[in-house]
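Trainee: What follows is a single structure, and I will ask about it in a moment.
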Amino acid sequence: MNNFHPFVLPFTIGTVVLFIILFALFVKWLLQMDKTQKTTALKNIISFKTLKAVWEAVRECLFHRNIFRTNPVLGYMHLSFAFGWFLLIVIGKIETTFYSGTFWDEFWLAIFFRFFEDTSVTFSGSELFTQLMDACLLFVLSGIVLAVIKRFYSKIYGMKKTTKHTIVDKIALTSLWCIFPLRLLAESATAGIKHNGGFLTQSLGNLLVGLPLEHITLPLWWMYSIALCLFFLFMPFTRYMHIFTEMLLVFLRKWGVTENNQKTGYTNIELNACSRCGICIDVCPLNTEAGINNVQSVYFIKNTRYGTLTKEIADNCLMCGRCVQACPVGIESTLIRQIMRKKECFNNKDYYQYIPDKEEKQISEEKEVIYFAGCMSHITVSIPEAMKHIFAAANVKYWYMDENETICCGRPLMQQGLDKQAETLRQKNTEKILSSSIRTLVTSCPICYKSFTEEYHLPIEVLHHTQYIDRLIRQGRIKVNRSDIKVTYHDPCELGRGCKIYEEPRHVLHAVAELMNVKMEKENSLCCGYNLANTQLELEDQMKIRNAAINNLTAPKPDTVITSCPMCKRALQHGINVNIKDIAEIVDENIAK
Amino acid sequence: MKDFGYSISKGRTLNYDNSDFSLKKTLEHDVVSYCRCIGCGACASTCSAAKFTDFSIFKCNMLFRNAKYDELEQELSKCMLCGKCTLVCPRGVNTRGMILEMRNLIEKNKNNNE
Ligand code: SF4
Ligand code: SF4
Ligand code: SF4
Ligand code: SF4
Numbered sequence: 004m005n006n007f008h009p010f011v012l013p014f015t016i017g018t019v020v021l022f023i024i025l026f027a028l029f030v031k032w033l034l035q036m037d038k039t040q041k042t043t044a045l046k047n048i049i050s051f052k053t054l055k056a057v058w059e060a061v062r063e064c065l066f067h068r069n070i071f072r073t074n075p076v077l078g079y080m081h082l083s084f085a086f087g088w089f090l091l092i093v094i095g096k097i098e099t100t101f102y103s104g105t106f107w108d109e110f111w112l113a114i115f116f117r118f119f120e121d122t123s124v125t126f127s128g129s130e131l132f133t134q135l136m137d138a139c140l141l142f143v144l145s146g147i148v149l150a151v152i153k154r155f156y157s158k159i160y161g162m163k164k165t166t167k168h169t170i171v172d173k174i175a176l177t178s179l180w181c182i183f184p185l186r187l188l189a190e191s192a193t194a195g196i197k198h199n200g201g202f203l204t205q206s207l208g209n210l211l212v213g214l215p216l217e218h219i220t221l222p223l224w225w226m227y228s229i230a231l232c233l234f235f236l237f238m239p240f241t242r243y244m245h246i247f248t249e250m251l252l253v254f255l256r257k258w259g260v261t262e263n264n265q266k267t268g269y270t271n272i273e274l275n276a277c278s279r280c281g282i283c284i285d286v287c288p289l290n291t292e293a294g295i296n297n298v299q300s301v302y303f304i305k306n307t308r309y310g311t312l313t314k315e316i317a318d319n320c321l322m323c324g325r326c327v328q329a330c331p332v333g334i335e336s337t338l339i340r341q342i343m344r345k346k347e348c349f350n351n352k353d354y355y356q357y358i359p360d361k362e363e364k365q366i367s368e369e370k371e372v373i374y375f376a377g378c379m380s381h382i383t384v385s386i387p388e389a390m391k392h393i394f395a396a397a398n399v400k401y402w403y404m405d406e407n408e409t410i411c412c413g414r415p416l417m418q419q420g421l422d423k424q425a426e427t428l429r430q431k432n433t434e435k436i437l438s439s440s441i442r443t444l445v446t447s448c449p450i451c452y453k454s455f456t457e458e459y460h461l462p463i464e465v466l467h468h469t470q471y472i473d474r475l476i477r478q479g480r481i482k483v484n485r486s487d488i489k490v491t492y493h494d495p496c497e498l499g500r501g502c503k504i505y506e507e508p509r510h511v512l513h514a515v516a517e518l519m520n521v522k523m524e525k526e527n528s529l530c531c532g533y534n535l536a537n538t539q540l541e542l543e544d545q546m547k548i549r550n551a552a553i554n555n556l557t558a559p560k561p562d563t564v565i566t567s568c569p570m571c572k573r574a575l576q577h578g579i580n581v582n583i584k585d586i587a588e589i590v591d592e593n594i595a596k
Numbered sequence: 004m005k006d007f008g009y010s011i012s013k014g015r016t017l018n019y020d021n022s023d024f025s026l027k028k029t030l031e032h033d034v035v036s037y038c039r040c041i042g043c044g045a046c047a048s049t050c051s052a053a054k055f056t057d058f059s060i061f062k063c064n065m066l067f068r069n070a071k072y073d074e075l076e077q078e079l080s081k082c083m084l085c086g087k088c089t090l091v092c093p094r095g096v097n098t099r100g101m102i103l104e105m106r107n108l109i110e111k112n113k114n115n116n117e
């Protein structure tokens, strides 16, 4: 029984090289992680989390449940490739183990079994295995048919855009597409001679009998092996790298590793885990509303990975988070973008020396909360006014921290990669906040809220005013009347997807008005178009994005549209034909006297 | 806040022959709304930085047009990118994009001249 033939060499070399490259890259990336990331991962390796990660890796990397949820046809395509191929390898291996009586046979035997199979050797279940393997092959082939169709008509997948490919990608893609049809042909040709095929390969083999099979069988097996080899050799440099990297990412994430403020090995792992499925393109308002279709996560990730990132791609993004929400792999592309925007040349001076150091005024009286309206609230003054009334009605003594003059929380600078400047503002604000002994900080601006909770590390409680008003109502400190006006609610990006605050505002609104549902809400809400993270967008495009948000909010014909962000309010105000109010204003109007 | 009213600016002499206007062309291309600024001052009157120091966008604009890059570099880093100016500008100028792009261009220019 000789299980060797030179045609297995391309496959063997390809596989060995692939695993050496994979191993080297993974080790490199893991070592490149920074210290906190490493310790977090090590701390959690031996825990339940690892088991959970195994389950998630199976669910996502084999079954692609998240893609299924977004798009069943696309999900089936990924499933048939990943799971079908996996089954071919596993069942094939079991089959050869039975056949050769040992698990440690030549590792290519499972891949090229029909060629080497000695039909005089019988082993238990051989007929069943043959049929099973054919079924798996058919399963994978069905995925390939879909993939080919997708390449030419991406409409049936409900996707408006398909991603563009690099040359290397094209070679890998072509070889991938060839692998299974070639396997089918090679096995069928062999079946035509040896009669060892299943329902698929034998039927096709019988059709081929008229041809000079002795001459074409071997070339087919050679081509099959070469296709595998090409795919394996090119894989680490293409999108297909995601197949293995995604698994690594699932484990690291379950162990608690997160993106840091620096580009680390973990960032590289995230970049390589993108499958370029293109789901992020269809949810991006820049694409759907403004027709800008070269900056979305998938392109940003691709360019960052290959070192071809341009300023235009990095900067033209609202950081609205819709793509992160939709991404089946869960890649934190907005955080990576923030890292890639870092401008080291602007991080070396002392900034904002004009801001006075000391507060002359001491906060003497006992006060319950610090109120920080935020820059934007100073141009939508009705919001802090309403908050003043609410504080008064609830009999809350408060310190209006930025009543006369305000310095920014620093988040807009962070988002543009001006870390040193942001840090200076954070220090100034922190000093001021901690100069009082008040333990609760309430802010009206979701941008400030996100900054205070995630970037400041304050030792005190921070609340957005929606949360604070909700608390006042629940504690009965303010009594409100329920009016019969119909309202819809706009989830600001920073408060909703950014801080996951969806329930408190809705609870408050149910208490004061009749809240209607809109089509895109909560995680799926639309950006108002003015998100500060984008400095590239011109007014015309901002307005297009804003109009889409307005249409969504006014579709159920509400009397008033409610938001909880001064900037969203200001943005939506100009194009809308119904009332628009902040949540604080509508509460203020309905306080029971 | 600064006292409201008028004051007389210091005299300036500009030598247009010695000035380099290539950066201005680039900015006009990169931030198209830059040309729409009418110097109305709405941005400066709401500006967070202007509450503490005499910073204003139209002054920056003027310095840029006159290629006074050294002085301008100091000015531009006073901005906090808070975004109030963009929301009040009656001409829809992308003020923050303009400020950042000016900074980038000046930085690039410095490196080129070195
Ligand atoms: S970023 Fe996520 S959604 Fe976008 S292409 Fe990559 S994997 Fe798909
Ligand atoms: S964060 Fe928003 S604007 Fe940016 S790429 Fe994602 S969906 Fe598009
Ligand atoms: S508000 Fe707009 S138009 Fe007026 S000076 Fe500022 S940037 Fe120029
Ligand atoms: S973004 Fe800069 S220029 Fe505009 S208001 Fe804020 S601090 Fe002033």
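Protein sequence lines correspond, in order, to chains A and B. Following my numbering, the numbering of the first sequence begins with 4 at its first residue and continues without gaps. Following my numbering, the numbering of the second sequence begins with 4 at its first residue and continues without gaps. The beta-carbon is built from N, C-alpha and C at its ideal position, and this holds for glycine as well.
#1: Across which residues does DSSP place Tyr118(B) in a beta bridge pair?
#2: Taking Cβ-Cβ distances shorter than 8 Å, what residues in chain A pair up with Glu110(B)?
#3: In three-state terms, what does DSSP make of Leu321(A)?
#4: Quick one: does the C-beta of Cys280(A) sit closer than 6 Å to a heavy atom of ligand 5?
#5: Have a look at the DSSP bridge pairing and note the partners of Ile583(A).
#6: Are the beta-carbon atoms of Lys137(A) and Leu203(A) separated by less than 7 Å?
#7: Under the DSSP definition of a beta bridge, which residues are partnered with Val465(A)?
#8: Given Lys52(A), which residues of its chain have a CB within under 7 Å of its CB, disregarding the five upstream and five downstream residues?
#9: Can you pull out the residues from the segment 71-93 of chain B whose beta carbon lies closer than 7 Å to at least one beta carbon of chain A?
#10: Going by alpha carbons, who is nearest to Ser80(B) out of Glu130(A), Leu428(A), Pro495(A), Pro239(A)?
#11: Can you grab the Cα-Cα spacing for the pair Ser191(A) / Phe22(A), in whole Å?
#12: Cα separation between Trp88(A) and Cys88(B)?
#13: Kindly confirm or deny that the segment 92-112 of chain B and the segment 32-46 of chain B touch, where touching means at least three C-beta pairs closer than 8 Å.
#14: Could you work out which residues of chain A lie near Ser12(B), taking near to mean beta carbons separated by less than 7 Å?
#15: Let me know the secondary structure DSSP gives Phe89(A) once reduced to three states.
#16: Please name the residue in Thr313(A), Arg500(A), Thr538(A), Leu542(A) whose C-alpha comes closest to that of Met523(A).
#17: Skipping 5 residues on each side, what residues in its chain have a beta carbon closer than 8 Å to that of Phe132(A)?
#18: Does any CB atom of chain B fall closer than 7 Å to the CB of Gln356(A)?
#19: Using the beta-carbon of each residue, which ones in chain A are nearer than 7 Å to Gly100(B)?
#20: Establish whether the CB of Asn115(B) and some CB of chain A are separated by less than 7 Å.
#21: Enumerate, from N- to C-terminal direction, the unbroken alpha helix (DSSP H) stretches of 4 or more residues contained entirely within the segment 199-234 of chain A.
#22: According to DSSP, is Glu109(A) helix, strand or coil?
#23: Are there any heavy atoms of ligand 2 lying less than 6 Å away from the beta-carbon of Met390(A), as far as the coordinates show?
#24: Round the Cβ separation of Cys330(A) and Cys283(A) to the nearest angstrom and send it over; I've been treating them as touching at under 8 Å.
#25: Taking just the CA atoms, how far does His198(A) sit from Phe84(A)?
#26: Given Cys496(A), which residues of its chain have a CB within under 7 Å of its CB, disregarding the five upstream and five downstream residues?
#27: Can you tell me whether Gln493(A) is helix, strand or coil according to DSSP?
#28: Below 8 Å, can you find three or more Cβ-Cβ pairs linking the segment 135-150 of chain A to the segment 33-43 of chain A?
#29: Among Arg99(B), Glu117(B), Asn112(B), which one has its Cα closest to the Cα of Glu541(A)?
#30: Whole angstroms are fine: how far does the CA of Arg509(A) sit from the CA of Ala376(A)?
#31: Out of Ser25(B), Asn107(B), Ile102(B), which one is the CA nearest neighbour of Cys118(B)?
#32: Take Glu426(A) as the anchor and find which of Tyr492(A), Trp111(A), Asp353(A) has the nearest alpha-carbon.
#33: For Val72(B), which beta-bridge partners are listed by DSSP?
#34: Roughly how many whole angstroms lie between the Cα atoms of Asp422(A) and Ser25(B)?
#35: In three-state DSSP terms, what is Glu347(A)?
#36: At 4 residues or longer, what runs of the alpha helix (DSSP H) sit wholly inside the segment 497-547 of chain A?
Mentor: Let me lay it out:
#1: Because chain B spans 4 through 117 in this model, residue 118(B) falls outside it and cannot be assessed.
#2: Along the second sequence, read from residue 1 onward, the residue named residue 110(B) stands at position 107. Here the neighbours are Cys348, Phe349.
#3: One-based indexing of the first sequence puts residue 321(A) at position 318. The answer is coil: DSSP assigns Leu321(A) none of H, G, I, E or B.
#4: With respect to ligand 5, the structure offers nothing, as its ligand set consists of ligand 1, ligand 2, ligand 3 and ligand 4.
#5: By 1-based counting over the first sequence, the position of residue 583(A) is 580. In DSSP, Ile583(A) forms a bridge with Val564(A).
#6: Taking the first residue of the first sequence as position 1, residue 137(A) is located at position 134. Taking the first residue of the first sequence as position 1, residue 203(A) is located at position 200. Per the sequence shown, the amino acid found at residue 137(A) is Asp instead of Lys. A contact, by the Cβ cut-off of 7 Å.
#7: As a position in the first sequence, residue 465(A) is number 462, starting the count at 1. Per DSSP, Leu444(A).
#8: Taking the first sequence and counting its residues from 1, one reaches residue 52(A) at position 49. Excluding positions up to five away in sequence, the list reads Lys257, Trp258.
#9: Ser80, Lys81, Met83, Leu84, Cys85, Gly86, Lys87, Leu90, Val91
#10: If you number the second sequence from 1, residue 80(B) lands on position 77. Ser80(B) has its Cα closest to that of Leu428(A), out of Glu130(A), Leu428(A), Pro495(A), Pro239(A).
#11: Working through the first sequence from its first residue, we reach residue 191(A) at position 188. Working through the first sequence from its first residue, we reach residue 22(A) at position 19. For Ser191(A) and Phe22(A), the distance between alpha carbons rounds to 30 Å.
#12: Locating residue 88(A) in the first sequence gives position 85, where the first residue counts as 1. Locating residue 88(B) in the second sequence gives position 85, where the first residue counts as 1. Cα to Cα, the separation comes out at about 56 Å.
#13: yes
#14: By 1-based counting over the second sequence, the position of residue 12(B) is 9. The premise fails here: Ser12(B) is roughly 20 Å from chain A at the closest Cβ pair, so nothing lies under 7 Å.
#15: Taking the first sequence and counting its residues from 1, the one referred to as residue 89(A) is at position 86. Reduced to three states, the DSSP call for Phe89(A) is helix.
#16: Sequence index remark: in the first sequence, residue 523(A) carries index 520 (1-based). Comparing Cα positions, the closest option is Arg500(A).
#17: Within the first sequence, the letter at position 129 stands for residue 132(A). Ile94, Ile97, Glu98, Phe101, listed in sequence order.
#18: In the first sequence, counting from the first residue as 1, residue 356(A) sits at position 353. Closer than 7 Å: no.
#19: In the second sequence, residue 100(B) corresponds to position 97, counting from 1. Thr538, Gln539, listed in chain order.
#20: As a first step, residue 115(B) is located in the second sequence; it is residue number 112 there, counting from the start. No, Asn115(B) does not count as interfacial toward chain A.
#21: 204-211
#22: By one-based count along the first sequence, residue 109(A) stands at place 106. Coil at Glu109(A), not helix or strand.
#23: Sequence index remark: in the first sequence, residue 390(A) carries index 387 (1-based). Met390(A): no, Cβ never under 6 Å from ligand 2.
#24: Locating residue 330(A) in the first sequence gives position 327, counting from the first residue. Locating residue 283(A) in the first sequence gives position 280, counting from the first residue. Indeed, because the Cβ distance is near 6 Å, the residues count as touching under 8 Å.
#25: Position 81 of the first sequence, counted from the first residue, corresponds to residue 84(A). Position 195 of the first sequence, counted from the first residue, corresponds to residue 198(A). Taking the straight line from one Cα to the other gives about 27 Å.
#26: Residue 496(A) sits at position 493 when you count from the first residue of the first sequence. Cβ within range, chain order: Cys323, Gly324, Cys530, Asn534.
#27: Within the first sequence, numbered from 1, the residue matching residue 493(A) stands at position 490. The amino acid occupying residue 493(A) in the given sequence is His; Gln does not appear at that position. Reduced to three states, the DSSP call for His493(A) is strand.
#28: no
#29: Taking the first residue of the first sequence as position 1, residue 541(A) is located at position 538. Among Arg99(B), Glu117(B), Asn112(B), the Cα nearest to that of Glu541(A) belongs to Arg99(B).
#30: Position 373 of the first sequence, counting from 1, holds the residue named residue 376(A). Position 506 of the first sequence, counting from 1, holds the residue named residue 509(A). Straight-line Cα distance between these residues: approximately 21 Å.
#31: A question about residue 118(B) goes unanswered here, because the residues of chain B that appear run from 4 up to 117.
#32: Here residue 426(A) refers to the residue found at position 423 of the first sequence. Of the listed residues, the one whose Cα sits closest to Glu426(A) is Asp353(A).
#33: On the second sequence, residue 72(B) is found 69 positions in, with the first residue counted as 1. With the sequence shown as reference, residue 72(B) is identified as Tyr, and Val is not the correct amino acid for it. DSSP lists no partner for Tyr72(B).
#34: Reading the first sequence from its first residue, position 419 is the one you call residue 422(A). Reading the second sequence from its first residue, position 22 is the one you call residue 25(B). If I take the Cα positions, the gap works out to 29 Å.
#35: Here residue 347(A) corresponds to residue number 344 of the first sequence, with the count starting at 1. Residue state, collapsed to three classes: helix.
#36: 506-515
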